[in-house]
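Have a look at the structure below, then the notes.
Chains as they are written, first to last, in this note's numbering: chain A, 868 to 1196; chain B, 35 to 553.
Take a look at the structure:
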């Protein structure tokens, strides 16, 4: 890697990574398309209802949506359209896939970003206080929490949270992304949405909080025994200064990697959590479109997810340079 | 009837005694918004081109049909103020009321004829079955519609409701492709509610039509809230985020919990008879032998399935058409006396057929909890007689694909009668080529049965129909291509102060009768 450093190097590096990503995304699209096309289940069935439909009708719907063509033909058409920025037309929602994604995107991003921020912040903090005195009560508490958090499935946790905070205590709404009975505007509407977001966010963050806690702790313990920390101690710096100013920065590198790496999993987790909480975002859309075999929507979401993961990983790489002055692009 | 069904019946009876005097003092009041739960987004809101459940739930309250069915099944005029039937039962003449579409245009006989001929006959599965019996649909003047049948057809009126033959505005649909017309997402009907808005994945809103031709709706607005997860639906009702949970979307397992909530009302009963079946693939080696199919009938305790898989909300199957239609039920061939739970008899029949070590695949929709539970019970009980049942849960789309292409041995399905065995159940027993979803999937084919089904479907006189059904019942009780598991009891849960549910036959219809009692 070029050692001149500076913003220019990073920009060139980012460009190279993006160019490298093109065949990757193409591969993702093709593999997904073929997998979905080979999977059993007929999308037309979800469109005609629960009663036998006239055969001519079924045939006409099939033609309308181009489902009468062969798989390679459909794949080629799809790729050409995607290259033109057209993600196709949703069978089940009867609107362009891109419009549908954009409608849902905001709600999912709000949920995902707050999950990442909360999970990373709380996780880092818990990891640090656990590593400060290994073997202490705080350490055991934090690692115990991390173990449980890692083991608990999101959809189950979501249901328990609803049971406790919505049904038993009545503090928070049980589902949806805004109140149904009252219509709020302005600030009140934002607050209303925030109240609806707390439980799904908690359900989604738990696991990533746990991962971040464990990793921060392990990474910190390793750094704390390295020679430069011993040297810092020798110079008489306080334990807190060493921990927060010297050790954490070095220990954060693997943590940042994992946060970036987990972004894709958070999207997957959001499919479950959004379904449990009736949150109308991309995750719910993914769940619904698998159920109705709405291929164009499913492909659009998978394309979006893979591009997000690539971009987030790129941001993660850029973060390395900020955290660790030895890293240069 | 099991003890718990008796207890439940007594309980319902006691509740009715208590509830009637209280309800009698209440007078309906106008105003308010009710939140009704749907399990998924409708694909669109045009009931004229789809039999989909959520589409019907919303669309039925926006559009009108010629007739509608009261809760007791009695037909009454919807857009039709009256009708006459000719002596030969072939010609139905309908007079229309003065009514307007939501855009102000009057509803005329031209709209009726256009909807039926141009939109519903080619696109609507259930109306198509009626249309196959129809010779002509004509409009001699603006207020009159004449439907002439090829042969007498008993269920005609129940296929002219809003669910099968909604009257769509001709001026909106003419010259367009009805499948892609934008009005499918923002419908213009003539019903008690007008379409207001739709946020996919979240809600559909409809508001009162102040220009409605019958009794105006009592509520100002209805919000259909989309809650995909069944547990979350019950919770929404418990915490007051919804008012009404019904039909397909009511999780039977949650009923006892909801019933014990003092803020909620619950109801169980039969509106439109519906059956749960186990189809037996007669093309599977072994299952082609009638003795093996009979052995399966003896080997499964259907009362236990009702109790454990369906939370008691049902009655063990009594015959091919259930117990919901007196003329199609026959006591002498009742499966409950003909095939009592008797595993020794099952073993004997299997031995007689020379079948041993039979392994069968049980294919079912993995989203249906009752099917999975029934599968578990059947696996245990069939193992006792030496049949190895392999449970194969599949997503609905995959299940439909496999079952109706014949790639299964046993499968569980639930069908609604839609108010007449001709509409709902005949398709299960009539010979059919494999590959068409929701029709005969057992491969069973009997020309006698086909002929008798056609006869029974054509007659308006119920005694005459009963004769044909008796013959059919007798043959099917011996051949058992289908194990009728149970007659379903429907259930519903609602806010304690919501009134006016189930005024019409279909739970999804007639939301204009809903109102809130003052606390």
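Idealized CB from N, CA, C, for every residue including glycine.
By the neighbour-count definition (other C-beta atoms within 10 Å, threshold 16), residue 322(B) is an exposed residue. Taking a C-beta cut-off of 9 Å against chain A, the contacting residues of the region 80 to 104 of chain B are 83, 84, 85, 86, 87, 89, 90, listed in chain order.
Taking a Cβ-Cβ threshold of 8 Å, the residues of chain A close to residue 213(B) are 927, 928, 931, in chain order. Contact between the region 1148 to 1163 of chain A and the region 950 to 960 of chain A is present, with at least three C-beta pairs closer than 8 Å. Our two residues, residue 111(B) and residue 174(B), have alpha carbons roughly 19 Å apart in a direct line. Following the DSSP letters along the chain, one finds residue 255(B) inside the beta strand (DSSP E) bounded by residues 255 to 260. The three-state secondary structure of residue 162(B), taken from DSSP, is helix. Proximity to residue 241(B) across 224(B), 337(B), 492(B) peaks at 224(B), based on C-alpha coordinates.
Assignment of beta-bridge partners to residue 527(B) by DSSP yields 279(B), 300(B). Taking 7 Å as the cut-off, the Cβ atoms of residue 92(B) and residue 238(B) count as close. Ranking 908(A), 896(A), 987(A), 919(A) by CA distance to the CA of residue 944(A) puts 896(A) first. With a threshold of 7 Å between beta carbons, residue 908(A) makes contact with chain B. Neighbours of residue 1088(A) across chain B, judged by C-beta separation under 9 Å, do not exist; the nearest C-beta is about 41 Å away. DSSP, reduced to helix, strand and coil, places residue 398(B) within a strand of the structure shown. At a Cβ-Cβ threshold of 7 Å, residue 908(A) and residue 473(B) do not count as neighbours. It is roughly 56 Å from the alpha-carbon of residue 1008(A) to the alpha-carbon of residue 375(B). Under the Cβ distance rule, residue 239(B) does not count among the residues neighbouring chain A, no pair being separated by less than 7 Å. Within the model, the alpha-carbon separation for residue 451(B) versus residue 463(B) is close to 13 Å. By the Cβ neighbour-count rule, residue 364(B) is buried, with 16 or more other Cβ atoms within 10 Å of its own. Rounded to whole angstroms, residue 1057(A) and residue 976(A) show a C-alpha spacing of 15 Å.
Residue pairing by DSSP places residue 232(B) opposite 238(B) in a beta bridge.
The bridge partners DSSP lists for residue 549(B) are 533(B). Counting C-beta pairs closer than 8 Å gives fewer than three between the region 319 to 337 of chain B and the region 270 to 282 of chain B, which falls short of the contact rule. Around residue 470(B), the beta-carbon contacts reaching into chain A at under 8 Å are 919, 922.
Only those residues of the region 244 to 272 of chain B whose C-beta falls short of 8 Å from the nearest C-beta of chain A are listed: 257, 259, 260, 261, 262, 263, 265, 266, 269, 270, 272. When beta bridges are read from the DSSP output, residue 128(B) appears opposite 117(B), 179(B). Going by C-alpha positions, residue 1072(A) is about 12 Å away from residue 1126(A). For chain A, the residues of the region 146 to 171 of chain B that bring a beta carbon within less than 7 Å of one of its beta carbons are 156, 157, 159, 160, 162, in chain order. For residue 431(B), at least one C-beta of chain A is nearer than 7 Å to its own C-beta. The region 405 to 475 of chain B is shown to contain whole alpha helix (DSSP H) runs of 4 or more residues at 430 to 438, 455 to 458, 460 to 463, in chain order.
Residue environment for residue 458(B): buried (at least 16 other C-beta atoms within 10 angstroms of its C-beta). Taking 7 Å as the threshold, the shortest C-beta distance from residue 295(B) to chain A does not fall below it.
Here the alpha carbons of residue 100(B) and residue 1132(A) stand approximately 53 Å from one another. Under a criterion of Cβ atoms nearer than 7 Å, the residues of chain B adjacent to residue 1040(A) are, in order, 275. Distance from the CA atom of residue 514(B) to the CA atom of residue 521(B), rounded to whole angstroms, is 17 Å.
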